[in-house]
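Start counting the sequence shown at 5; every next residue gets the next number (my numbering).
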Amino acid sequence: MVLPGRSVYCTDLRLAMWSLVALWLLSNVYPNAVIIRWCIFAVFDIVLAGWIILVLLARHAIKHVFNRAQFDTLPMREQVAALARFLFLLNPLEVLWRFGTAPFRTLPDVYILGEVRCGTTSLAAHLLRLPGAQGPFCPWIHPLGDKESFYFVGHYWGFVDPYFYRMCFPLVTTKWFYKYVLRRPFFCFDGCAQYLNAPWVPNLIKQATPGASFIACVRDPVQQNISWWQYEVGALSWGDALGLGPVAREDASPSCPYPPKSFSSAINLSISTTVKTAYSRAESLMGPTIPGWAISWPLGQFAAMTSCGTFVVNLRRYHRFFDIRQFEVVELEELRDTPAAVLERIARLLPVSEEMVQQWVKDGSRSPVHLNRSAPLDESQAPSSNTVRQLANYYVPHNEALFQLLGRDLGWHIEKHYRIRTRKRVEFIRTGSFSGGLFGGSPPDSAGMLESGRSASVGGLATQRQRRMSRASPIQSLYGSL
Numbered sequence: 005m006v007l008p009g010r011s012v013y014c015t016d017l018r019l020a021m022w023s024l025v026a027l028w029l030l031s032n033v034y035p036n037a038v039i040i041r042w043c044i045f046a047v048f049d050i051v052l053a054g055w056i057i058l059v060l061l062a063r064h065a066i067k068h069v070f071n072r073a074q075f076d077t078l079p080m081r082e083q084v085a086a087l088a089r090f091l092f093l094l095n096p097l098e099v100l101w102r103f104g105t106a107p108f109r110t111l112p113d114v115y116i117l118g119e120v121r122c123g124t125t126s127l128a129a130h131l132l133r134l135p136g137a138q139g140p141f142c143p144w145i146h147p148l149g150d151k152e153s154f155y156f157v158g159h160y161w162g163f164v165d166p167y168f169y170r171m172c173f174p175l176v177t178t179k180w181f182y183k184y185v186l187r188r189p190f191f192c193f194d195g196c197a198q199y200l201n202a203p204w205v206p207n208l209i210k211q212a213t214p215g216a217s218f219i220a221c222v223r224d225p226v227q228q229n230i231s232w233w234q235y236e237v238g239a240l241s242w243g244d245a246l247g248l249g250p251v252a253r254e255d256a257s258p259s260c261p262y263p264p265k266s267f268s269s270a271i272n273l274s275i276s277t278t279v280k281t282a283y284s285r286a287e288s289l290m291g292p293t294i295p296g297w298a299i300s301w302p303l304g305q306f307a308a309m310t311s312c313g314t315f316v317v318n319l320r321r322y323h324r325f326f327d328i329r330q331f332e333v334v335e336l337e338e339l340r341d342t343p344a345a346v347l348e349r350i351a352r353l354l355p356v357s358e359e360m361v362q363q364w365v366k367d368g369s370r371s372p373v374h375l376n377r378s379a380p381l382d383e384s385q386a387p388s389s390n391t392v393r394q395l396a397n398y399y400v401p402h403n404e405a406l407f408q409l410l411g412r413d414l415g416w417h418i419e420k421h422y423r424i425r426t427r428k429r430v431e432f433i434r435t436g437s438f439s440g441g442l443f444g445g446s447p448p449d450s451a452g453m454l455e456s457g458r459s460a461s462v463g464g465l466a467t468q469r470q471r472r473m474s475r476a477s478p479i480q481s482l483y484g485s486l
């Protein structure tokens, strides 16, 4: 596997280690130079601190972000090799520096809230074209790392104190220099796509930046779920390539196994009583730390499937803390097809001049941005057409509530074909009538999960309740199972 930092980036800890080697070579050339010896001691301490932070960050991420709870059971040689790979993925010294200088840093003016797979990366790229726009610091070395901080979802050991959130942003002296010396605009944003879905985040953002503006990105929830499934299946392969051990969560159970084996199983997991209860509990989390089961998604990424698609629930949660006038909602197809109109609409939330906005809108229409697309699915992982149709019907009442909140219809209920890319073909699934049970089975807490990735229904439903649900409409089946 080629790691992103191996040839493109020089991480801070790697630079410190190379500096230590260079100083050691100099000490052999000038053995009596006291200043070189002092520099060696100082750089050695920096390298040691960097490795400590790196190991702590990596072990936390392995357990809670990559969902590899059994990492500690691997042979020590494999653990060391895996941790060494994070040398190319993290900047631990900058993390240490930023926490130490947090009181002297600024805070964001604008948030791109998400949802995941809804165009947040593309919109952030548009924002970065504006003069003076500054993205957040990200602990991960990634081509898209200047877009999101992951702070409030617990990537820093579960620490989410609103005061130290400023560690992700530039120094106040940088802001002063831009505004009063360069005479240029300056504003910061955070485009963490998980913030819209994480139940505890609105309260923390309210404490940190009560006057901020928000851009929420949405898309047809069925397409969002399919894209999220594609993305996370690929992420599992990345964790395997890093040698992190098998996927396992400490909070998984026989009734809610993790990871789910198919798209329909993931949907069933996300509507299970266990997951619904976890999201309810997560609303009461106040910080300054959050528990492991909530990092960085309550009960894991796959458990968030339908929660990510119920945009109206997540938006209303924010509206309890912020005025609705602080928000704009952007639909993915709008951003893709009419970027100039979208940028013009969100410009009212940005602290830049009208002249700069006009030029920004022109640039956006001439060269639109489409980033971070999912890789094609393996044939065996693609959702069945029946599951897709049932999922489309499940979202109907949630979508209608969203349209009412926005005062406009986003066109998600027009009969359409859902495009599913696999490595061998592109399938177009037409929405319409269907047959079968709830997403190919019942939620994992009630009657078990569907094990086959391609099956559309579970035959031989034994209980009377299951027979009743199989005859019900998809919406009745869904709400009867919760």
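All C-beta atoms in this analysis are idealised placements derived from N, C-alpha and C, irrespective of residue type, glycine included.
Do the CB positions of residue i and residue j come within less than 9 Å of each other?
| i | j | result |
| --- | --- | --- |
| D382 | T293 | no |
| L131 | L289 | no |
| L156 | Y169 | Reading the sequence as shown, one finds Phe at residue 156 and not Leu. It is a contact, given that the beta carbons lie within the stated cut-off. |
| W301 | N207 | no |
| H402 | P250 | no |
| S153 | C142 | yes |
| D113 | T178 | no |
| V315 | L406 | Here the sequence assigns Phe to residue 315, which means Val is not the residue at that position. A contact, by the Cβ cut-off of 9 Å. |
| T124 | G215 | no |
| V365 | L339 | no |
| L118 | A197 | It is Gly, not Leu, that sits at residue 118 in the sequence shown. The answer is yes: Cβ separation under 9 Å. |
Identify, in the order they occur along the chain, each residue of the same chain with its Cβ nearer than 7 Å to the Cβ of residue i, setting aside the five sequence neighbours on each side.
| i | result |
| --- | --- |
| V333 | A220, V222, L410 |
| T310 | I271, S274, I275 |
| P203 | Y283, A286, E287, R321 |
| I176 | Reading the sequence as shown, one finds Val at residue 176 and not Ile. If we look at V176 and ignore the five residues flanking it on each side, its Cβ neighbours are F108, R109, T110. |
| F438 | Per-residue confidence for F438 stands at a pLDDT of 38, beneath the threshold of 50, marking its modelled position as unreliable; no derived number is given. |
| W22 | none |
| E236 | Q305, F306 |
| R349 | E332 |
| D255 | W297, L303 |
Roughly how many whole angstroms lie between the Cα atoms of residue i and residue j?
| i | j | result |
| --- | --- | --- |
| V356 | R320 | 28 Å |
| Q69 | G243 | In the sequence as displayed, the identity of residue 69 is Val instead of Gln. Going from the Cα of V69 to the Cα of G243 covers about 10 Å. |
| F218 | F191 | 14 Å |
| P140 | W232 | 23 Å |
| M360 | A345 | 15 Å |
| R329 | L414 | 20 Å |
| Q1 | R412 | With the chain running from 5 to 486 in the structure shown, residue 1 is simply not present. |
| L52 | C172 | 23 Å |
| K210 | F326 | 8 Å |
| E358 | A351 | 9 Å |
| H64 | I56 | 12 Å |
| Q517 | P79 | Residue 517 is absent from the model: the chain starts at 5 and stops at 486. |
| A104 | Y182 | Here residue 104 turns out to be Gly, not Ala, going by the sequence shown. Each residue's alpha carbon lies about 23 Å from the other. |
| A37 | S31 | 7 Å |
| A86 | H323 | 42 Å |
| V279 | V84 | 34 Å |
| N318 | E337 | 20 Å |
| S257 | T281 | 15 Å |
| A129 | P147 | 11 Å |
| I40 | R89 | 30 Å |
| L454 | S269 | With a pLDDT of 34 at L454, under the threshold of 50, the modelled position of this residue cannot be trusted, and the question is left open. |
| P35 | Q234 | 58 Å |
| T495 | L240 | Because residue 495 is not part of the residues shown, which for the chain are 5 to 486, the question remains open. |
| T77 | A62 | 16 Å |
| Q74 | N397 | 38 Å |
| W42 | A106 | 28 Å |
So that I know if they touch, is there some Cβ in chain D lying closer than 9 Å to that of residue i?
| i | result |
| --- | --- |
| A220 | In the displayed structure, chain D is absent; only one protein chain is listed. |
Could you pull out every residue in the same chain whose Cβ sits closer than 6 Å to the Cβ of residue i, ignoring the five residues on either side in sequence?
| i | result |
| --- | --- |
| I299 | H68, G158, G162 |
| V205 | F156, Y199 |
| G542 | The structure shown does not extend to residue 542, since the chain is modelled only from 5 to 486, so the question has no answer here. |
What distance in whole Å lies between the Cβ atoms of residue j and residue i, which are believed to be in contact at a cut-off of 8 Å?
| i | j | result |
| --- | --- | --- |
| G304 | Y262 | 5 Å |
| V392 | H417 | Rounded, the Cβ-Cβ distance is 14 Å, inconsistent with contact. |
| R133 | D367 | 6 Å |
| V120 | C312 | 6 Å |
| Q138 | P174 | 6 Å |
What does a CB cutoff of less than 8 Å around residue i pick up in its chain, not counting 5 residues either side in sequence?
| i | result |
| --- | --- |
| P135 | R188, P189, V356, M360 |
| E97 | A small correction: the amino acid at residue 97 is Leu; Glu does not occupy that position in the sequence shown. Correct list, in chain order: D16, L17, A20, I50, A53, G54, I57. |
| L24 | I44, V47, F48, V51 |
| R72 | I66, G243, L248, G249, P250, V251, A252 |
| L60 | W161 |
| K28 | According to the sequence provided, residue 28 is Trp. The question's Lys does not apply to it. Excluding residues within five positions, the ones whose Cβ falls inside 8 Å are I44. |
>> Which complete beta strand (DSSP E) runs does the segment 80-128 hold, if anything under 3 residues is left out?
In response: 114-118
>> Ignoring anything shorter than 4 residues, give me the alpha helix (DSSP H) runs that lie fully in the segment 277-310, in order along the chain.
In response: 277-286
> At what residue ranges does the segment 160-215 contain a whole run of the alpha helix (DSSP H), taking only runs of 4 or more?
Replying inline: 176-180, 205-212
> In the segment 21-76, which residue ranges form an unbroken beta strand (DSSP E) of at least 3 residues, counting only runs that do not cross its ends?
Replying inline: none
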